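Taken in order, the sequence shown gives residues 1 to 553; the numbers are from the UniProt record's numbering. Built from N, CA and C at the ideal position, the CB exists for glycine as well. Keep in mind that this is a model prediction, so the values were computed, not measured. To keep things clear, I will list the structure first and then write my remarks on it.
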Amino acid sequence: MSREYLFSLPRDLQVELGEVNAATPPAQSGRPYLVANVPSANAEVYAPEINFYLRSSHDSSQVKMESVEKLFDVRACIFEYAQDFSSDIDVDNRVAIISRTDRPQLMEKLQTLGLAPVLLESAQVLNVQGRIGSLQINMRTVDQHGSTVETDQIVWFEAPVEFSRKKGIYDPDQDGMEDVITALCDNYGTLQVRNTKKYDESICLYHGKRHDICGLCVDICPSSAITKARDGRYLRFSEIDCIHCGQCIGICPSGALDSTLLSVRSLGKAVSLYRNKHVLVITARIELETLQVRLPPGVLPFVIEQSDMLHENHLLAVLQASGKPMVIWSDSIPAATQGAIDLVNGIYRRIHDREAIYRCRSLDELQYVLDQLPTYDLPTHALAEPSVLKRKCVSQRIAHLVGEGSFGTVKTDPVLHYGTLTVDRAACTLCLSCADACGVGALLPFVEDNTLRFNPSLCTNCGYCQKTCPEPGCLQTVNNRIDLDPSFFSFQIMAADTIFHCSECGAAIGPSKSIEKIAAMMKPLFAGDPTRLKTLTCCPDCKAKLMVAAMHP
Ligand code: SF4
Ligand code: SF4
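Below, the structure is given as structure tokens:
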């Protein structure tokens, strides 16, 4: 075992572990170890699942020894790839009270606690911007010019719901006056802000596009920590308001959002250590120190901090690394994660006639599932080069399960945004607006044979191509399905055209239908001008030559 690990055998743990050396936690301060199984070791990472596993597992002593080492390695691997960083922000004592009525008692109470309250009339408040420690309240004034009040925190009676979810803005009618005052005092001073997600705008479906494309992360965020900027097509992130639930990561169809604590890449590395083990996913919320469960042989715990972030790419990565059915224990799971579990189980049921993921909501259910856990093997697969595009990884993983077979269609939850497209070949002019619009490379032009091709498994069903297509009814999205057939996982020809050649020099200039359509539209405008009429069907070089020749006959 690495010397960066501290393994300390608690007195109440009656296990035989052969060669593993038990050590006593050192007395000095600092972080002398990377991973430890006891909190008193002050290691970078405390791994309570190690003692939980030793106490609960029915593995043999030999297997336990090997598994304990694996559990240390898993934590070290996740730590190595984590990019979590924290920063401090200052919160001074200014508190704005927004109310329809005077609040003398509250003003007095806050003053006695060292805070500096000011009272603002609700009807005069236009808007609030900023974050805790630096909030700007835009006010209506009699002279119509408006004014701005700067404050650190706000007590807002009858606050609009979108503001009452932000840290530093509290509505006593919703939160209770006592809790509001406690929160104001707790926040006063220095607040530590964690950044637990990373964002790649280059693959975001909203960034720089239309206002109605995607934005699923904005809609799902329970604390208004992600918003759409009013002055442009980009997202704003407020780390101070983030409650680190991970729901935005779970729902993001493109992979633009990932966890800094457990990225898709680090999860892939960590779960590769679980080969031939049943992975038991447990959220960090659960107190493993006191948890009483019987783990059958071959079950190893995997603790994740943001259980709401799990999506189909994570689940498939776990199953294809371990080759065994997995168990998820969480009392609450968001719709996107549940949709992903249902999708993956739907695929395994169709292809292997078996469930792959068992989800448990209670301790009793967990014990029941563990006692009945089937031991069959599932196919393993590792991605040669994992992509940042979520759909690309999922596509490769499902394609491996499908192989050359054909297994019908699985319905997918609308929240997952899977689907396919139809293109009316007769109506398509191959203008390629759709391919330009598609942000995930699901629609591509193939210049070699002048075709438009589509890979349904990469499509996020965002509808941008449909909204961009200039031919009415030509392109239609078909929602909420995955066809378990090889054709769903590769590029298929959706429309084709012949190449149009310049009427003067014969050079290839583009798709025939598109050029003929534009020529037909422009013909009436150029009637009576034979030179201009000729330019409609020639290449840019010949067009210039014709125009120059017409000017200097
Ligand atoms: S869910 Fe993902 S792709 Fe959609 S707007 Fe948010 S970050 Fe962008
Ligand atoms: S093919 Fe169309 S619907 Fe699918 S991701 Fe691309 S733009 Fe969106």
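For residue i, the nearest candidate out of the options (CA to CA)
i, options, result
"ALA123", "LEU113, GLY114, ILE154, GLU158", "GLU158"
"GLN174", "ILE181, SER164, THR182", "SER164"
"CYS465", "GLU516, GLN136, ALA435", "ALA435"
"SER330", "ARG481, GLY510, ASN450, GLN306", "GLN306"
"SER238", "TRP156, THR196, HIS400", "THR196"
"SER395", "VAL440, LEU366, GLY339", "VAL440"
"GLU289", "PRO10, LEU6, HIS501", "PRO10"
"GLU4", "GLU80, VAL63, GLU66, SER57", "GLU80"
"ARG131", "VAL38, LEU113, ILE154", "ILE154"
"ILE181", "PRO117, GLU312, ARG140, PHE454", "PRO117"
"ASN127", "ILE351, LEU119, ASN138, ALA76", "ASN138"
"GLN367", "GLU504, ILE213, ILE98, VAL299", "VAL299"
"ILE78", "GLY146, PHE52, VAL45", "VAL45"
"LEU449", "GLU471, LYS109, PRO511, LEU421", "It should be noted that the sequence gives Asp, not Leu, for residue 449. Considering only alpha carbons, the answer is PRO511."
"ALA495", "SER266, THR141, VAL447", "VAL447"
"THR260", "GLY246, ALA270, CYS438", "GLY246"
"ALA229", "HIS244, ILE240, ALA183, ASP212", "ASP212"
"SER362", "ILE243, ILE398, GLN292", "GLN292"
Residue i and residue j closer than 8 Å at C-beta
i, j, result
"ASP308", "PRO334", "yes"
"LEU280", "VAL402", "no"
"VAL423", "LEU273", "no"
"SER57", "LEU370", "no"
"ALA508", "LEU536", "no"
"CYS538", "GLU504", "yes"
"ASP193", "ASP152", "Checking the sequence shown, residue 193 turns out to be Val, not Asp. Their beta carbons are not under 8 Å apart, which means VAL193 does not touch ASP152 by this criterion."
Distance cut-off 7 Å: residue i Cβ against heavy atoms of ligand 1
i, result
"CYS221", "no"
"GLY246", "no"
"SER259", "no"
"CYS214", "yes"
"ALA256", "yes"
"CYS438", "no"
"LEU458", "no"
"PRO445", "no"
"TYR199", "yes"
"TYR464", "no"
"PRO414", "no"
"residue 556", "Nothing in the structure corresponds to residue 556, since the chain is present only between 1 and 553."
"CYS469", "no"
"TYR81", "no"
"residue 578", "What the structure shows of the chain is the stretch from 1 to 553, and residue 578 is not part of that stretch, so it cannot be assessed."
Per DSSP, the bridge partner or partners of residue i
i, result
"ASP483", "THR409"
"ASP88", "GLN192"
"ASP258", "LYS198"
"ALA496", "THR451"
"HIS278", "VAL299"
"GLU121", "SER99"
Contacting residues, own chain, Cβ-Cβ under 7 Å from residue i (five flanking each side not counted)
i, result
"residue 583", "Nothing about residue 583 can be reported from this structure: the residues present for the chain run from 1 to 553 only."
"ALA549", "none"
"ASP342", "ASP413"
"CYS474", "VAL423, ASP424, ALA427, CYS428"
"LEU315", "ALA340, ILE341, VAL344, ILE357"
"PRO553", "none"
Cut-off 6 Å between Cβ atoms - residues of its own chain near residue i, not counting five sequence neighbours on either side
i, result
"HIS417", "PRO253, THR460, ASN461"
"THR380", "GLN320, GLY323"
"THR24", "Because THR24 carries a pLDDT of 48, less than 50, the predicted location of this residue cannot be relied on, and no value is offered for it."
"ASP171", "TRP156, ALA159, SER164"
"ILE493", "THR451, ARG453"
"SER29", "The pLDDT assigned to SER29 is 47, lower than 50, so where the model puts this residue is not dependable; a value taken from the coordinates is nonetheless given after this. So the list is empty, once near-sequence residues are dropped."
"GLU162", "SER224"
"CYS242", "ALA225"
Cut-off 8 Å between Cβ atoms - residues of its own chain near residue i, not counting five sequence neighbours on either side
i, result
"THR190", "ASP88, ILE89, ASP90, VAL91"
"THR283", "VAL303, ILE304, GLU305, SER307, TRP329, SER330"
"LEU546", "GLU504, THR531, LYS534, THR535, CYS538"
Contact with chain C by residue i, beta-carbon distance below 8 Å
i, result
"LEU273", "Absence of chain C from the displayed structure is noted, only one protein chain being present."
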